Amino acid sequence: MNKALYTQATIYLLIVIVALSPKLKAQVTMGSSLKPNPLSLLDLKENDPDANNANSARGLGLPRVKLTDMNNLFPMFETIPESGVANSQYSAALKPAEDLTHTGLMVYNLNKCSGFGPGTYVWVGNEWQPLSKVNVVQKPKIGITSPSDPAVIRTLNDSTFLIHLPSGKDRRIFPSDNKFSLSLSWEDPVNGSLTVPTITELTDVTTPPAGGPGPNGGLRFLTNPASGWAVPPITTSPMTFDYTIKDMSDVIISENANTIYPYRSRETAVTFKVPANICYGPSQIQVRLNQTNYRMTFNRNNQVLNESGYRLRSASPKFSEKVNYYRFLLMPNYSGDNISGYREETNARWNAAYEHVTDGILVKEVVGTGKPVPTTGGKELIDGSFITTTREPTYISSSTDKNRGKTAGILSYTDTATIARYYPVEIHFVQCASKGFDDTGIEDVGRSTDPSGWGTKVLKHQDIDGNDFYSASFGSAGRWMTTNLAATHYDTESGLSGSLAVYQTIDIDNHDAGAKKYAYPILDVSMIPNPGGLTNSQLTKPGAHWNNVDWSIKGAGWRPIEGILYNWYAATGRGENDNGTTQEGANGTEPAKRQGICPNGWYLPSDRDWNQLEQAIYENIGQYSTYDAVDLAAWNNHIPSKPWVWNTSATSGSSRGGAIDNQHVGHGGAMKDPCPPTCSDGNLSALSYMQGTKNYSKEYYLGGFNATTVGRIKSYVDKPTSSTPVNDRALIYLSRGYNATFWTSAQNNNLGSAWIRDLNTANGGVTRTTYTKTNLLSVRCKKQ
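Going by numbering that gives the first Met the number 0, the first residue of the sequence shown is number 0, and it counts up by one from there.
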């Protein structure tokens, strides 16, 4: 208390004393009969001042009171001392006047608790104030001084705090030295030492190899585990505990969204305690050190979607950081686990936004008959669990709609947290339920073979059998068909006559004597004869039932643009021993241009022609693909180190082209139709599980190559029996929906094989290899 207030209080005291002495009419001396000081109303002295000006050996004793309430005149106006209940003279109505009247009242307080300390207090009208410094006994209290970022530490209640530690496998930064710190301060450290009475951990139900969803025990300490933090008890505040822990890479092997059970949690909960003092009981807090891996995933339990429709990208046009990027092919509805919708799986909150791209595909955008996508959702879960919500977008599958291959819209999910914990999710809905494709600007030239005026236009043509096919220009590689050939007759200028024979079961070791054969593709298992009791899976495997397939039947859903399958002899028009064993691939002898089964004015491209086409697309990938700006920038940074070089060896090889970004970005990806071929019912029902793709060709009207994955008829070897020699072979239909395989006109130096190109949905490159000439593959022709 300052000197002025002390003086004021003293005057107040004297006034009170005088007021309590009604008989005093003038100056008074108390303690002696000496005359009072001329200026004093009340003079307390025992004698005249001595040499030191002292006039008494004793002082004034104030009332000794146990104050109990800092803002009330207690115990003076209590019903019962320390009850905290005001008496009738100190009711709510009377209190203001009494508080004002007693301003200046001084007492000596005896209470050591309740915020008071022993010493002299004066009432200043609304509270008690000490006239000098007093020793107040503090309530034991523990506080966390670090971390302090509200994105890292969260107060659950007055005594429980949650600290979020990064997993090392989500978006948050995990320190390179694995080091973290926890700083505490506590009041009354002299009278009480800090201890750690209890430490608890989550249960562990996810230990590999039997790991599953759920909690994964406590933190994996590398140094200074929590069990040693207060051994012995700590007497000095503040205190910082530095510790190191492992990340969660032992149970979460990848940032990839398809990692099994990525929603893992570890937690070590540490209770800190300081003991009681003379006024208060002990105080304790619990600090929950929680390490949770946060994810938001788009799930369908669909292997094709997970493997081919998904990639973890470094960025996209919508997001500058990593993004879980999906291309979800909208297919006809079907039953089982793969219902028409999809599932959100997450252990965190999210915001969602839908960007509409193309009309007439998704009904009411992504609003379904079941659960429409809201703008916010999810739940914060830190125990290894997650929540699942099924969404069911309603889409149009009418064959009259020309939207095949178009993006309907883009749905994105982002974290609501200030410091984002999981990578955003971006879903591109691609229409594959419609057979119709956009033919805007495509010019129909019918059977014309005169290219004057064609330029770089996308054109529609007819073959000798009246089947439509389409073509586009590919720069230096010339004009190529962008749909498969379906003719069963040689055209008038081919130098060949007659129609092709329908393929039946053959012995391919004698090359079928060079017979020129074709087959319509098997659209689904309904077209495979079932001798009785075979499952769909068994029907697709080698067996005698294939001998009864009628390969001349067009499935109801067959489309001419998907073409038919030819053996090499039919495709080229060449005989079994034509040109002997001359190597015509790579740097071998270039074969003469062969019209073969191609329409007039077109020819079956050679191995080198195909190489030129690949090179044109490889070096100008943005012209023929739907890759976005981020993909194209990555590709353009990639190809200077991988310039296109023509194979100087005739050796067959695996996929080539150096596709990047998990095989999504490559010239092979740019050449493939994003949608699977149709099935026998005219829809995609049998292939409706194929809801993801690494195929990125532009639409037909934009000049994309659109290699259609109609499959192939390829040899297999029977198991040897007494009646079937080990070298007896037959053919079986394979890979519909997965492979687009094309003949070249170039034979290998092996009499029975020729060079082919194969494009697979799971690969962004192109495979150049050789196949036996009796295999049946697709044909694309090149304009002469």
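Even for Gly, the Cβ is constructed at its ideal location relative to N, Cα and C. Please read these numbers as outputs of a predicted model, since none were measured by experiment.
Note to self: On the DSSP bridge list, what partners appear for residue 349?
What the structure shows: Partner(s): 376, 414.
Self-check item: Of the listed residues 272, 477, 462, nearest to residue 159 (C-alpha basis)
Solution: Residue 272 holds the alpha-carbon nearest to the alpha-carbon of residue 159 among 272, 477, 462.
Can you look up residue 247 in the DSSP assignment and give me helix, strand or coil?
Residue state, collapsed to three classes: coil.
Report task. Quick one: grab the DSSP three-state call for residue 643. Result -> In the structure shown, residue 643 adopts coil according to DSSP, grouped into three states.
For residue 670 and residue 696, which I take to be in contact (beta-carbon distance under 8 Å), what is that distance rounded to the nearest angstrom? 6 Å between Cβ atoms; contact.
| said: Measuring alpha carbon to alpha carbon, tell me which residue in 653, 622, 614 is nearest residue 643. | reply: For residue 643, the closest of 653, 622, 614 by C-alpha to C-alpha distance is 614.
Task: Cβ neighbour criterion (16 or more within 10 Å) applied to residue 785 - done: Absent from the model: residue 785. The displayed extent of the chain is 0 to 783, so no value can be given.
- [ ] If I'm right that residue 743 touches residue 604 with Cβ under 8 Å, what's the distance once you round it to whole angstroms?
- [x] The Cβ separation is near 6 Å, so the contact holds.
Checklist line | Endpoints, the beta strand (DSSP E) within which residue 309 is located | finding: Boundaries of the beta strand (DSSP E) around residue 309: 309-312.
| request: Could you check if residue 540 is buried or exposed, using at least 16 other CB atoms within 10 Å of its CB as the buried criterion? | output: That one is exposed.
Enumerate, from N- to C-terminal direction, the unbroken beta strand (DSSP E) stretches of 3 or more residues contained entirely within the segment 23-84. Those beta strand (DSSP E) runs which fall completely within the segment 23-84 and span 3+ residues are 27-29, 41-43.
| said: What does the alpha-carbon distance come out to for the pair residue 727 and residue 714? | reply: For residue 727, the predicted model reports a pLDDT of 46, less than 50, meaning its position is unreliable; a value from the coordinates is still stated below. Roughly 10 Å between the two C-alpha positions.
| query | Does the count of Cβ pairs from the segment 479-490 and the segment 551-563 closer than 8 Å reach three? | reply | Flag = yes, the segment 479-490 and the segment 551-563 touch.
*asked:* Quick check on residue 137: buried or exposed, where buried means 16 or more other Cβ atoms within 10 Å of its Cβ?
replied: Taking all protein chains in view, the Cβ of residue 137 is surrounded by fewer than 16 other Cβ atoms within 10 Å, so the residue is classified as exposed.
Could you check what DSSP says for residue 526 in three-state terms: helix, strand or coil?
-> In the structure shown, residue 526 adopts helical secondary structure according to DSSP, grouped into three states.
- Three-state secondary structure assigned by DSSP to residue 106: Judged by DSSP in its simplified three-state form, residue 106 adopts strand.
Report the partner residues of residue 241 according to the DSSP bridge assignment. Residue 241 is bridged to 180.
For residue 335, which residues from the same chain have a beta carbon less than 7 Å from its beta carbon, with the 5 sequence-adjacent residues on both sides left out? Low per-residue confidence applies at residue 335: pLDDT is 36, beneath 50, and the placement is therefore not dependable enough to give any value.
Using the three-state DSSP reduction, which class does residue 124 fall into: helix, strand or coil? Secondary structure at residue 124: coil, using DSSP grouped into helix, strand and coil.
Worksheet item: Alpha carbon to alpha carbon, what distance is there between residue 637 and residue 227?
Response: Taken atom to atom, the span from the alpha-carbon of residue 227 to that of residue 637 is near 52 Å.
Residue 607 in three-state terms, based on DSSP
It is helical.
*So, helix, strand or coil for residue 228, using DSSP?*
It is coil, neither helix nor strand.
Task: Cutoff 6 Å; reference residue 298; Cβ partners in own chain excluding five residues on either side - done: 342, 344.
**Request:** Write down the C-beta distance between residue 117 and residue 279 rounded to the nearest angstrom, noting that I regard them as a contact closer than 8 Å.
**Result:** About 17 Å separates the beta carbons of residue 117 and residue 279, which is beyond the 8 Å limit, so they are not a contact pair.
*Measuring CA to CA, which of 303, 265, 349 is closest to residue 383?*
Closest by alpha carbon: 265.
**Prompt:** What is the residue span of the beta strand (DSSP E) that residue 739 lies within?
**Reply:** 738-746 is the span of the beta strand (DSSP E), which, as asked, contains residue 739.
Helix or strand or just coil, what does DSSP make of residue 7? Unreliable positioning characterises residue 7 in this predicted model, as indicated by a pLDDT of 48, which lies under 50. A coordinate reading is not provided.
Residue 630 by DSSP, collapsed to three states: which one?
-> Note: residue 630 maps to helix in three-state DSSP.
- prompt: For residue 623 versus residue 702, is the C-beta distance shorter than 8 Å?
  reply: Yes. Within cutoff.
Check: Using the beta-carbon count (16 or more within 10 Å), is residue 57 buried or exposed?
Finding: Its Cβ having fewer than 16 others within 10 Å, residue 57 is exposed.
Margin query: Taking the beta strand (DSSP E) that residue 142 belongs to, which residues open and close that run?
Written below: Taken as a continuous stretch (DSSP letters only), the beta strand (DSSP E) holding residue 142 covers 140-145.
Residues in its own chain within less than 8 Å of residue 356 by CB, not counting five upstream and five downstream? Result list for residue 356: 405, 406, 407, 408, 409, in chain order.
(Q) So if DSSP puts residue 472 in a beta bridge, which residue, or which two residues, is it bridged to? (A) Residue 472 is bridged to 478.
Per DSSP, what are the beta-bridge partners of residue 430 in this structure?
DSSP output for residue 430 lists 329 as bridge partner(s).
For residue 637, three-class secondary structure by DSSP:
In this structure, residue 637 counts as helix in the three-state DSSP scheme.
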